[in-house]
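S.K.: Heads up, my numbering is the position in the first sequence plus 1476, with the first residue counted as 1.
So that we are looking at the same thing, I have put the structure below in structure tokens.
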Amino acid sequence: MVNKQLAAAFARIADLMEIDGDSGFRINSYRRAARFLKSLDENIEVVARENRLTKLPGIGKGTADKITEFIDTGTIGLLDELQERLPEKLPDLLDIQGLGPKKIARIYAELGVESMDDLKVAIDTGRVQALSGFGQKSASSIAEGIAFLEKSGGRIPLGVALPIAERLATIIANMPGVEKVAIAGSLRRGSETIGDIDLLCQCDDGSRIVEAFTTLDEVHRVLAAGSTRGSMTIELDRGRELQIDLRVVAEESFGAAMQYFSGSKEHNVRLRERAVRKKLRLNEYGLYDGETRVAGASEESIYTALGLPLIPAELREDRGEFDFSETPKLVTIDDIRGDLHMHTIASDGRCTIQEMADAAKQRGYEYIAITDHSQSSTIANGLSIARLEAHIQAVRLADAQTDGIKIYSGTECDILADGSLDYPDDVLAMCDIVVASVHAGMRSGKIDPTTRIICAIENPHVTMIGHPSGRLINRRPAMDLDIPRLARAAASANTALEINASWQRLDLKSDHVRIAIDAGAMLVIDTDAHHTEQLDQMRFGIVTARRGGASAANILNTMDHKSLQSWLIRSCQ
DNA sequence: GCCGTTTTCGGCCCGACTGTTTTCAGTCG
């Protein structure tokens, strides 16, 4: 898609101009355009054809001309010119921690370093530390930065990072003098993967807490340790490192610091620009009118003072949230009444029907659905028709014998390569809940994957589509789906689309959640649990739904049992 | 390069930490 190619081209221009020593403001313009294009849902070629380019935020005449140039010729003159002048691999060095554009420009100009490999050699031969303004420590720090880059292996999934953050937050909360600890950053915003962990604590003695934080047993490497801020890494599996930042603030600044350290960076820049327009100044200590603090103890006080409703952290991405007239009522974990997709020992789960039901009851749920795999999923010990019939009887028996929770019988039925389902209609009709999912042949393409799934959407026995795109975060790409078309089909067939809450999936992802809501489709947040403990992954599905702007009314399993029954009957018609 | 509830020119987000300096530039978040 041209949007993504253009975004990459502008990002590249910004990188090269940075090393070239161009104006920071010009560079920012290109970065902003790149970010905007990357997240633009509409095809930029259509926008260009309709002469609306300069109506887009952050895109003026100069950028619009370059967009047109790219559409017409497939290239941008400015980019070609920069690439001709600077080595191709030089911008890779911008990824190294502690090494920025100015220093890169110098090691290129004075040492002829053109790549990561060149740089390693230059450090090993002592040429970097010999440069004026660079010293031994700089050289070691760059070497460590390169090692970190090679080991960090990309971003960490939300489900791996959050438990680590919670454990560290508990440790810090128990340090003497600490009043309050909170998780900030992309983790708080519920990003599906995160680059580092940001923690915040309220305490009067910053130096002591930072000292304690950077000398914890699990610390692998200390990056910084001052009186208000500490930064260190811990070691994950396979030698990978994860950076943890801690910021210490006083009570009156806690809200300002939460706001500041929750980001996103783009959201914060916009917010501070807004403050400047009001003749105010916003930093991590508060909102100031001259020397007077006018807000800061709570996040809400800051947004209110800037004429905005409190914006939920999950929506702080500079993607339209500044237009809100009131705080959107997003779905919360307390709205969830049940979980409609889980497995038992009948197929590839680890627990019994009763164990799953009891665990769900403990979590306060009104209902669950037992949805084991269908016959084609042999690798997951999928159920033959005969086994399914027996399993349905077992679920009904458990339901009859269990008070306080409704246990629906169901199936997670494969959508086969030709779009047909793995059980005939009369068998599906025996199930209360049918989750239809693609598990095999995601790339084989007998028919277009969107059409394949729409076949299942239009089957009246299908309650919902499980993990619609089939992606596994950092492991397997999504199927090439036309999500708007899928969402329209789901809306008109009264078939729900799942937000699979497993942190390895988060599927639908938040951008697609937004598209589904706009199309009027019903969503459902399920854990796809294969063990009772995995029922707790519901929270990852919740943040994903919130990032997509979902309210409780958009989510099927926020309905009480009675309303759900009526919806199930209606959706089968 | 973008943009306007002071502006079509002259601004553009803000502070902490580090290293290599001897007052600050570079980098980061």
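Beta carbons: idealized from backbone N, C-alpha and C, even for Gly.
1. Can you find at least 3 beta carbon pairs, one from the stretch 1645 to 1662 and one from the stretch 1698 to 1709, that sit closer than 8 angstroms?
2. Secondary structure at Y1764, three-state DSSP: helix, strand or coil?
3. Could you tell me whether the Cβ atoms of S1885 and H1849 are closer together than 8 angstroms?
4. Taking the straight line between their C-alpha atoms, what separation do you get for T1939 and Q1869?
5. Starting from the C-beta of L1513, find all residues in its chain whose C-beta is less than 6 angstroms away, skip the five residues before and the five after it, and write them out in chain order.
6. Using DSSP with H/G/I as helix, E/B as strand and the rest coil, what is E1590?
7. Which same chain residues end up closer than 7 angstroms to S2047 when comparing Cβ atoms and leaving out the 5 residues on each side of it in sequence?
8. What span of residues does the beta strand (DSSP E) with M2014 cover, start to end?
9. Using the Cβ count rule (16 or more neighbours within 10 Å means buried), how would you classify G1553?
10. Would L1962 and P1936 be called neighbours here (beta carbons separated by less than 8 angstroms)?
11. From E1586, A1623, L1791 and N1650, pick the residue whose C-alpha is nearest to that of A1606; which is it?
12. Should K1985 be labelled buried (16 or more other beta-carbon atoms within 10 Å of its own) or exposed?
13. So what's R1705 in DSSP terms, helix, strand or just coil?
14. Could you tell me which residues DSSP pairs with A1849 in its beta bridges?
15. Can you name, in chain order, every residue of its own chain whose Cβ lies under 8 angstroms from the Cβ of T1544, other than the five neighbours on each side?
16. Using 8 angstroms as the Cβ pair cut-off and three pairs as the minimum, do the stretch 1636 to 1651 and the stretch 2024 to 2032 touch?
17. Just reading off the beta strand (DSSP E) that V1911 is part of, what are its end residues?
18. Would you mind sorting L1634 into buried or exposed? The rule is 16 or more other CB atoms within 10 Å of its CB.
19. Thinking C-beta only, is S1913 closer than 8 angstroms to G1895?
20. Tell me the rounded alpha-carbon separation between I1855 and H1915.
21. Just checking R1705 against the ligand MG - is the residue's beta carbon closer than 7 angstroms to any of the ligand's heavy atoms?
22. For the beta strand (DSSP E) holding C1677, just list the boundary residues, first then last.
23. Is the stretch 1821 to 1839 touching the stretch 2004 to 2019, taking contact as three or more C-beta pairs under 8 angstroms?
24. I need the straight-line Cα distance from S1617 to T1780, nearest angstrom please.
25. In chain order, what residues of the same chain have a beta carbon less than 6 angstroms from the beta carbon of D1958, not counting five sequence neighbours either side?
26. Taking the straight line between their C-alpha atoms, what separation do you get for D1674 and D1721?
27. My parser needs the beta strand (DSSP E) runs of 3 or more residues fully inside the stretch 1634 to 1678; what are they?
28. Using the Cβ count rule (16 or more neighbours within 10 Å means buried), how would you classify T1820?
29. Determine the DSSP secondary structure at V1686, reduced to helix, strand or coil.
30. DSSP state of N1519, grouped into three classes?
31. Quick one: is Q1980 buried, meaning 16 or more other Cβ sit within 10 Å of its Cβ, or exposed?
32. Please go through the same chain and pick out, in chain order, the residues whose beta-carbon is closer than 7 angstroms to the beta-carbon of C1677, but skip the five residues on each side of it.
33. How long is the line joining the alpha carbons of Q1573 and I1622, rounded to whole angstroms?
34. In terms of residues, what are the limits of the beta strand (DSSP E) holding V2000?
35. Between T1803 and the rest of its own chain, which residues show a CB-CB distance below 8 angstroms, the 5 nearest in sequence each way excluded?
36. If you draw a straight line from the alpha carbon of G1731 to that of R1665, how long is it in whole angstroms?
M.R.: Well, looking at it:
1. By the Cβ test, the stretch 1645 to 1662 is not in contact with the stretch 1698 to 1709, since fewer than three Cβ pairs between them sit closer than 8 angstroms.
2. Looking at Y1764 - three-state DSSP - the assignment turns out to be strand.
3. Not a contact, by the Cβ cut-off of 8 angstroms.
4. Straight-line Cα distance between these residues: approximately 20 angstroms.
5. Cβ within range, chain order: N1479, L1482 and A1483.
6. The answer is coil: DSSP assigns E1590 none of H, G, I, E or B.
7. Counting only Cβ-Cβ distances below 7 angstroms, and skipping sequence neighbours, we find T1939, N1970 and T1971.
8. M2014 -> not in any beta strand (DSSP E); alpha helix (DSSP H) instead, spanning M2014 to R2023.
9. Under this definition G1553 is an exposed residue.
10. Contact: no.
11. Among E1586, A1623, L1791 and N1650, the Cα nearest to that of A1606 is on E1586.
12. Around the Cβ of K1985, a 10 Å sphere holds 16 or more other Cβ atoms; the residue is buried.
13. Strand, per DSSP.
14. Correcting the residue type first, residue 1849 is His in the shown sequence and not Ala. DSSP lists E1888 as partners of H1849.
15. Closer than 8 angstroms at the Cβ level, and outside the excluded window around T1544, lie A1524 and L1529.
16. Counting Cβ pairs under 8 angstroms, fewer than three are found: no touch.
17. That run of the beta strand (DSSP E) goes I1909 to S1913.
18. With 16 or more Cβ atoms within 10 Å of its Cβ, L1634 is classed as buried.
19. Not a contact, by the Cβ cut-off of 8 angstroms.
20. Between I1855 and H1915, the C-alpha separation is close to 11 angstroms.
21. Only the bare structure without any ligand can be found here, which leaves the ligand MG out of the picture.
22. Its beta strand (DSSP E) spans residues D1672 to Q1678.
23. Result yes; three or more Cβ-Cβ pairs closer than 8 angstroms.
24. Across the structure, S1617 and T1780 are spaced so that their CA atoms are roughly 42 angstroms apart.
25. Excluding sequence neighbours, D1958 sits near T1926.
26. The C-alpha of D1721 is placed about 5 angstroms away from the C-alpha of D1674.
27. The qualifying runs are 1656 to 1660 and 1672 to 1678.
28. Answer is buried; the Cβ neighbour count reaches 16.
29. Correct three-state label for V1686: helix.
30. Of the three classes helix, strand and coil, the one that applies to N1519 here is coil, per DSSP.
31. Of the other Cβ atoms in all chains shown, 16 or more fall within 10 Å of the Cβ of Q1980; this residue is therefore buried.
32. The answer, listed in chain order, is I1648, V1654, K1656, V1657, I1685, L1722 and V1724.
33. Spanning the two alpha carbons is a distance of roughly 8 angstroms.
34. First-last of the beta strand (DSSP E) with V2000: L1999 to D2002.
35. Taking C-beta separations shorter than 8 angstroms and ignoring five residues to either side along the sequence, the partners of T1803 in its chain run P1785, L1786, I1787 and P1788, following chain order.
36. Rounded to the nearest angstrom, the two C-alpha atoms are 15 angstroms apart.
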